[in-house]
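Heads up: the structure comes next, in structure tokens.
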Amino acid sequence: MKVQLICGFLGAGKTTLLKQLIREHGADTAILVNEFGELGIDGALISEGNNLNVVEMPSGCICCSLRESLVDAVREIMEDFNPGQLIIEPSGIASPSSILLGLKNADFAEKLAFTPVIGVIDMTFFIEVIREGDIGNFFLDQIKNSDIVLLNKADLVSAEVTEECSRGVLEINPSAIIIPTVYCKAEIPEMAAKDEVSHFHYSPQFHAESFTFDGIVKKEKIIDLLNSLKGGEYGNVYRAKGIIRTDNGSETFDYVNGQVNFGTIGKAEQNKLVFIGLEVNRSKIENAVRS
Numbered sequence: 646m647k648v649q650l651i652c653g654f655l656g657a658g659k660t661t662l663l664k665q666l667i668r669e670h671g672a673d674t675a676i677l678v679n680e681f682g683e684l685g686i687d688g689a690l691i692s693e694g695n696n697l698n699v700v701e702m703p704s705g706c707i708c709c710s711l712r713e714s715l716v717d718a719v720r721e722i723m724e725d726f727n728p729g730q731l732i733i734e735p736s737g738i739a740s741p742s743s744i745l746l747g748l749k750n751a752d753f754a755e756k757l758a759f760t761p762v763i764g765v766i767d768m769t770f771f772i773e774v775i776r777e778g779d780i781g782n783f784f785l786d787q788i789k790n791s792d793i794v795l796l797n798k799a800d801l802v803s804a805e806v807t808e809e810c811s812r813g814v815l816e817i818n819p820s821a822i823i824i825p826t827v828y829c830k831a832e833i834p835e836m837a838a839k840d841e842v843s844h845f846h847y848s849p850q851f852h853a854e855s856f857t858f859d860g861i862v863k864k865e866k867i868i869d870l871l872n873s874l875k876g877g878e879y880g881n882v883y884r885a886k887g888i889i890r891t892d893n894g895s896e897t898f899d900y901v902n903g904q905v906n907f908g909t910i911g912k913a914e915q916n917k918l919v920f921i922g923l924e925v926n927r928s929k930i931e932n933a934v935r936s
């Protein structure tokens, strides 16, 4: 079974890339999605309109402590679906090296063929955080273990920032193939995956606040809330996403680093919202949504 790992920080564009890979190579493919938080948002977005086997591992990040659970999940996928290809989209604070080490040391490792690891970087804030404690260690792990690095959101930064990001990646991984992208659109080159794995241990202090509730939500309240997140009123929120039921039908929302986007989705049974960051104020967020 081929194994394709997509890694990237919260909101970098992994799910966008995954959808494109599915359109191109969707036949005989299973998806393993691991989300940080109790609610699975990405699984619903990926599976909509696709006849795919999507398996979710919610409530955590794939890191050292969850290596065994990851191996068990992949074993079950092989036994239940036996796909030709498995694409793994881990949480935005997951350790790529732990995923690779876990699978390379699994008792069924000889049945796996690893394709090049694709790392997705959000250029709108990469330079700010590359040397920032635990977050910086995440990027070291991601970049060092990626064969191909997509410098995403090139439309939102200058050519100088793109060049600076490229230099930063090459300082960490001189052999990386670097591709600037918009919405992760790229021709992924065919190449061999490297065998070595470099591990950087880190213990991110992020936590997720998740909400589900029934009824119709006023979209204006969601817009106001998301536009207020960067100011710190609700804590240091790095990422927010959800599915909401509005007067105009069900919609998705996505927030990262001050950027807000909405999309459409088929009829949702409930509102599902997830906010990820440091010291996230659950009660204030809940009041803002429901008041």
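First residue of the sequence shown? That's 646 in this note's numbering, and the numbers climb one at a time after it.
Where is the CB? At the ideal position from N, CA and C, for every residue including glycine.
As the structure is a prediction and not an experimental result, all values here were calculated from the model.
Burial state of residue i, where buried means 16 or more other Cβ atoms lie within 10 Å
i, result
"Phe898", "buried"
"Asp792", "buried"
"Ser743", "buried"
"Glu734", "buried"
"Asn893", "exposed"
"Ile651", "buried"
"Phe753", "exposed"
"Ala799", "buried"
"Arg890", "buried"
"Asp767", "buried"
"Ser803", "exposed"
"Lys789", "buried"
"Phe771", "buried"
"Asn916", "buried"
Minimum C-alpha distance to residue i - residue among the options
i, options, result
"Val901", "Asn916, Val882 and Lys917", "Val882"
"Gly656", "Arg776, Thr909, Asn926 and Gly922", "Gly922"
"Glu587", "Ile861, Phe920 and Asn926", "Lying outside 646 to 936, the shown extent of the chain, residue 587 is not represented and no answer is given."
"Ile932", "Pro735, Lys866 and Lys912", "Looking at the sequence itself, residue 932 is Asn, so the reference to Ile does not match. Among Pro735, Lys866 and Lys912, the Cα nearest to that of Asn932 is on Lys866."
"Arg935", "Lys659, Phe858 and Val700", "Phe858"
"Phe856", "Ile763, Ser928 and Tyr828", "Ser928"
"Glu721", "Met646, Ile888, Ile823 and Val806", "Met646"
"Pro761", "Glu841, Ile667, Ser803 and Lys830", "Glu841"
"Gln904", "Lys875, Gly880 and Ile910", "Lys875"
"Val794", "Leu815, Leu918, Phe759 and Asn782", "Leu815"
"Gln787", "Ala831, Phe845 and Val919", "Phe845"
"Cys810", "Glu835, Ala831, Thr769 and Glu832", "Thr769"
"Leu918", "Glu878, Asn679, Gly877 and Leu870", "Leu870"
"Gly747", "Gly658, Val716 and Val648", "Val716"
"Gly877", "Glu808, Val700 and Phe920", "Phe920"
"Glu832", "Lys912, Asn679, Val700 and Ile763", "Ile763"
Separation of residue j from residue i, as counted between CA atoms
i, j, result
"Lys864", "Phe784", "34 Å"
"Ile730", "Glu713", "The amino acid at residue 730 is misidentified as Ile; the sequence shows Gln. Approximately 21 Å between the Cα atoms of the pair."
"Gly908", "Ala885", "14 Å"
"Leu745", "Pro728", "19 Å"
"Ala837", "Asn750", "19 Å"
"Ile676", "Ile738", "18 Å"
"Phe872", "Leu757", "Residue identity check: residue 872 is Asn in the sequence provided, not Phe. Each residue's Cα considered, the two are about 44 Å apart."
"Glu924", "Glu854", "10 Å"
"Thr660", "Asn797", "12 Å"
"Arg812", "Pro819", "9 Å"
"Ile817", "Gln665", "27 Å"
"Ile930", "Ile868", "12 Å"
"Asn926", "Gly880", "6 Å"
"Ala821", "Gly671", "26 Å"
"Asp725", "Gly781", "38 Å"
"Ser736", "Gly653", "8 Å"
"Lys839", "Arg668", "26 Å"
"Val765", "Glu914", "31 Å"
Go through the region 698-770 residue by residue and report every complete run of the beta strand (DSSP E) that reaches 3 residues or more, in order.
Counting whole runs of 3 or more residues, the region 698-770 contains the beta strand (DSSP E) stretches 698-702, 730-734 and 763-767.
Any alpha helix (DSSP H) of 4 or more consecutive residues that is wholly inside the region 820-906
Taken in chain order, the whole alpha helix (DSSP H) runs of length 4 or more contained in the region 820-906 are 864-873.
How about the region 821-831 and the region 843-851: do they share at least three Cβ pairs that are nearer than 8 Å?
Touching, no, given that fewer than three Cβ pairs across the two stretches are closer than 8 Å.
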